[in-house]
Amino acid sequence: MVAAETLTARPASFPPRPDSPGTPEKRGSGQRWIGRYVRGLVGLDVAIAVLAGWAALGVVFGAVPLHANVVHLLMAGALPIAWPVVLAANQCYDRRQLFVGSAEYDRVFRSGVALAAVVALAAYLGDLGLSRAYTVVSLTVTVPGTVLGRMAMRRVLHHGRRHGRWLRRVVVLGHVRAVADLCRQLRRERYHGMSVAGACVPVANLARHGGLDQLDGHLVVPGVDLPVYGSFDDAAYAVEAAQADAVIVLSCPELDGPAVRRLAWQVENDDTDLILANSLMDVSGDRITVRPVDGLPMLQVTHPRLRGTGRLAKALSDRIGAALLIVLTLPLLAAAVAWIRLTSPGPALFRQVRVGRDGRPFTMVKLRTMYLDAERRLAGLRGDDPDNVLFKLHDDPRVTRAGRLLRALSIDELPQLFNVLAGHMSLVGPRPPLPDEVARYPADMGRRLVVRPGITGLWQVSGRADLSFDDAVRLDLRYVDNWSLSLDLVILLRTVTAVLRRSGAY
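When we follow the UniProt record's numbering, the leftmost residue of the sequence shown carries the number 1, and every step to the right adds one.
What follows is the structure in structure tokens.
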């Protein structure tokens with residue numbers, strides 16, 4: 001047992017504590033499921049490619065694919081083989097790219113571009129007479145279908161992790177407060193797939209119980225009831241006792257370069273992963289490059305892609321997407337306008353000045369969901385709580401009867417498509433702030449204004465009005481710093497499910 005008086009004794013047979021509903025698998029089983037998951041991805045990708053190839057035959061050459069010529073039949077047969085190969089070449093089955101984040105979807109899109117280039121080159125050099133329509137239809141089904149399939153697989157994975165399945169057991173090394181903070185975060189964000197089974201803390205913490213509590217004769221990290229297996233020198237013992245699959249090393253002065261190297265030597269025989277945490281916040285993996293300098297691995301963080309071709313691609317996709325959505329939703333928009341006019345006196349549209357990119361004001365348009373004197377009532381309802389800067393209330397008395405349903409289904413947001421078409425907004429981006437909010441922004445929050453505000457965003461698919469003010473700001477900043485077209489697509493797809501669930505909509 002680790003006692004206050006000695007550092008040599010260790011806790012005997014300290015049972016790892018389950019920290020969530022369900023008990024995480026024992027060591028080793030936390031890794032075996034990865035192979036099954038990857039094989040499932042391969043099977044799904046093959047099935048989608050088969051469907052895409054034959055669907056393209058049906059669309060281009062009629063309902064009976066046998067009318068197609070031999071070249072297109074061969075293409076339909078080759079696509080299920082070529083597509084997984086191209087995906088594998090782009091590391092789409094590498095576990096470092098899977099499970100969380102948008103890097104996996106980025107690589108799927110790159111694979112689609114690569115496959116299109118290979119097909120075009122082969123058709124040109126071989127004079128195959130391949131139909132452009134066939135190529136466009138097959139790839140249009142294959143790439144988005146693959147993304148949707150992988151999103152569904154990930155959703156199943158995250159659901160299982162919330163219930164204690166498919167988790168990796170980890171031991172955390174660091175100072176008591178940092179260990180407790182990480183443990184709380186991993187328990188809150190189960191989708192990361194890590195179950196903290198124990199900790200090792202500095203010798204000074206053990207010698208005087210620095211910040212530690214005792215439970216059943218054992219030392220624990222307070223607030224999270226996490227067993228402490230000893231000091232940093234006891235990491236190998238902790239891995240064995242906790243049946244851990246990985247060790248997470250938090251930043252602290254005691255764990256310098258030589259100490260981390262010795263730690264790696266301790267755990268290498270157990271096939272235990274070593275994960276080093278750093279002080280970077282909300283930086284996606286594709287922005288980080290490891291550059292060794294005289295044996296010292298340095299992390300280079302690239303700047304967000306907010307200028308040049310990235311901005312042009314986003315602007316084009318916004319305009320095209322907005323135009324298509326306006327055409328598709330125009331009947332629904334007209335019906336909503338008529339309903340508002342019939343059930344509440346006043347105009348059907350609500351106009352309000354918001355702040356756009358680079359601090360430029362613009363007039364945002366929405367369907368009116370409140371009574372005409374809503375702005376006058378606002379001052380009386382707003383409290384001193386900073387969360388009210390976002391300001392939406394449950395059972396808001398300012399909202400009309402028609403407005404409640406329009407808000408619940410996000411139909412009131414449809415006129416903002418015209419703002420997107422005009423270049424004031426984007427389909428995806430930070431929440432458009434009010435001028436008085438911007439006037440109270442601290443320096444960091446001004447970062448939200450370097451991109452166009454969006455109709456939807458990370459804040460929209462992560463709880464909307466149920467979010468605290470700090471969480472909404474954090475998500476907006478994460479989006480700005482890690483923007484990509486694939487991230488936009490993921491957010492748009494998640495927006496559909498968020499609207500159907502009516503999560504945070506009131």
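The C-beta atom is built at its ideal place from N, Cα and C for all residues, glycine as well.
- DSSP, read as helix, strand or coil, puts P144 in helix.
- Under the three-pair Cβ rule at 8 angstroms, the stretch 441-458 counts as touching the stretch 356-375.
- Judged by DSSP in its simplified three-state form, Q185 adopts helix.
- Cβ-Cβ separation between V247 and N205: approximately 18 angstroms, too far for a contact (criterion under 8 angstroms).
- In this structure, the straight-line span from the alpha carbon of G446 to that of V438 is close to 8 angstroms.
- Just so you know, the alpha carbons of T343 and T363 end up roughly 25 angstroms apart.
- Comparing alpha-carbon positions, the option among R39, G101, D45, S138 lying closest to A56 turns out to be S138.
- Using a Cβ distance threshold of 7 angstroms, A114 and V141 do not count as a contacting pair.
- If the five residues before and after A264 are omitted, its C-beta is found closer than 8 angstroms to the C-beta atoms of L274, all from its own chain and listed in chain order.
- The shortest CA-to-CA distance from P80 to any of V108, V50, L316 is the one to V50.
- In the structure shown, P258 falls within a helical segment according to DSSP collapsed to helix, strand and coil.
- V490 and E254 have their C-alpha atoms roughly 41 angstroms apart.
- Judged by beta-carbon spacing, T369 lies beyond the 7 angstroms limit of V337, meaning their Cβ atoms are not closer than that value.
- Burial is judged here by how many other beta carbons sit within 10 angstroms of a residue's own beta carbon; T495 has at least 16 and is buried.
- With a threshold of 16 other beta carbon atoms within 10 Å, Y124 falls short and is exposed.
- About 5 angstroms separates the beta carbon of T272 from that of V239, a gap short enough to meet the 8 angstroms contact definition.
- Between V249 and C183, the CB-CB gap reaches or exceeds 7 angstroms.
- Among the bridge pairs identified by DSSP, V221 is matched with L226.
- Taken in chain order, the unbroken stretches of beta strand (DSSP E) that lie wholly in the stretch 438-473 and span 3 residues or more are 454-456.
- By the CB criterion at 7 angstroms, Q266 and A235 fall inside the cutoff.
- Looking at the DSSP output, Q300 bridges to T289.
- In the three-state scheme derived from DSSP, where H, G and I count as helix and E and B as strand, P331 is classed as helix.
- Between the beta-carbon of L406 and that of D412 there is about 4 angstroms, and that keeps the pair under the 8 angstroms contact cut.
- Non-local beta-carbon contacts of Q91 in its own chain, meaning distances under 8 angstroms to residues more than five positions away in sequence, involve Q97, R107 in chain order.
- A Cβ-Cβ separation of about 6 angstroms places V71 in contact with L130 under the 8 angstroms criterion.
- In chain order, R447 place their CB closer than 6 angstroms to the CB of L477, counting only its own chain and leaving out the 5 sequence neighbours on each side.
- Following the DSSP letters along the chain, one finds V196 inside the beta strand (DSSP E) bounded by residues 194-200.
- DSSP places I275 inside the beta strand (DSSP E), whose first and last residues are 273-276.
- Beta-bridge partners assigned by DSSP to L367: L349.
- Here R168 is near D245, since their CB atoms are less than 7 angstroms apart.
- The DSSP-derived three-state label of P361 is strand.
- Going by DSSP, V172 is part of the beta strand (DSSP E) stretching over 168-173.
- Restricting attention to R36, G77, F109, V60, the CA atom closest to the CA of L485 is found in F109.
- Apart from the 5 residues on each side of it in sequence, P435 sits with its Cβ closer than 7 angstroms to the Cβ of V353, V355, P361 in its chain, given in chain order.
- Just so you know, the alpha carbons of V143 and A82 end up roughly 13 angstroms apart.
- Partner residues in the beta bridge of A246, as assigned by DSSP, are V170, D273.
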